[in-house]
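The next block holds one structure in the form of structure tokens; read it before the comments.
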Amino acid sequence: DAGVTQSPTHLIKTRGQHVTLRCSPISGHKSVSWYQQVLGQGPQFIFQYYEKEERGRGNFPDRFSARQFPNYSSELNVNALLLGDSALYLCASSLVGGSWETQYFGPGTRLLVL
Amino acid sequence: GQQVMQIPQYQHVQEGEDFTTYCNSSTTLSNIQWYKQRPGGHPVFLIQLVKSGEVKKQKRLTFQFGEAKKNSSLHITATQTTDVGTYFCAGSSGGSNYKLTFGKGTLLTVNP
């Protein structure tokens, strides 16, 4: 079975632009979580979606939004990009999104904001 | 909010030496997970601990969960070059059954 896939792998944007990142979970997984990982830091929770509903949100501004589609894939949108948004954006899938479940991470999207 | 701290931030060892990283939470944890991230890669799940005082072993890796469920450790015996990477702990407290809070990680480098 295919693992978690994310696209694009790399992205360069300028300040003020917006970006859409995509994630496809492992087949059968209904929950997707998004994390931001700044260089030298651990992944920081942004959102979790389960069955197309937002279950939780981390301490991120409203410029960050996400959604989950009927096929359980997900998009993360970031508006009005700032230099500080440069990071590796990770998507993790799990069966139902419980914190006791293994999180299967995708390869990530490396975003550079200039 | 919940904070998870890891020490040390970096550790460089000679191949064959042991390595330990420690994880401490500001709150009592329901469970703790450990992940490994190779340079340029993504986090990969290693193990989960749930019970107070729990000890689990995976070959040369030994994981412990503290009696108070606020701290954990990962010990690697006789490191190998394949152990290189960043080791993260991630915990969940009772107030949230979906959110994992990651520590900043410990970067392990091994000199052959």
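Protein sequence lines, in the order shown, are assigned to chains A and B.
For the first sequence, the numbering used here puts the final residue at 128, and the numbers step up evenly by one.
For the second sequence, the numbering used here puts the final residue at 845, and the numbers step up evenly by one.
In this text, a Cβ means the ideal position worked out from N, Cα and C, and glycines have one as well.
Residue state for B:T819 is assigned as strand, using DSSP reduced to three classes.
Beta-bridge pairing by DSSP links A:G70 to A:Q62. Membership of B:K790 in the beta strand (DSSP E) is indicated by the continuous run V788 to Q791. Around the beta carbon of A:S21, fewer than 16 other beta carbons sit within 10 angstroms, so the residue counts as exposed. Secondary structure note for B:N764: its beta strand (DSSP E) is the uninterrupted segment L762 to Q770. A direct Cα-to-Cα measurement between B:G734 and A:H43 gives close to 28 Å. Rounded to the nearest whole angstrom, the C-alpha separation of B:Y768 and B:T842 is 16 Å. The beta carbons of A:R77 and A:V92 sit about 6 Å from each other, so the pair counts as a contact at 8 Å. B:N757 and B:Y743 have their C-alpha atoms some 16 Å from each other. Taking the Cα of B:L840 as reference, the smallest distance to any Cα among B:P776, B:H775, B:G818 and B:G824 is reached at B:G818. Under the 10 Å beta carbon count, B:G773 is surrounded by fewer than 16 other beta carbons and is classified as exposed. In this model, A:G70 and A:G120 are separated by some 20 Å (Cα to Cα). Put simply, the CB of A:S87 is far from chain B, with every gap to its CB atoms at 8 Å or more. Interface flag for B:L782 against chain A is unset, since no Cβ pair is found closer than 8 Å. Straight-line measurement puts the Cα of B:F821 at about 14 Å from the Cα of B:T795.
Your pair B:D751 and B:A811 checks out as a contact, with CB atoms roughly 7 Å apart and the cut at 8 Å.
Burial is judged here by how many other beta carbons sit within 10 angstroms of a residue's own beta carbon; B:N764 has at least 16 and is buried.
Between B:T760 and B:S826, the alpha-carbon positions lie close to 7 Å from each other.
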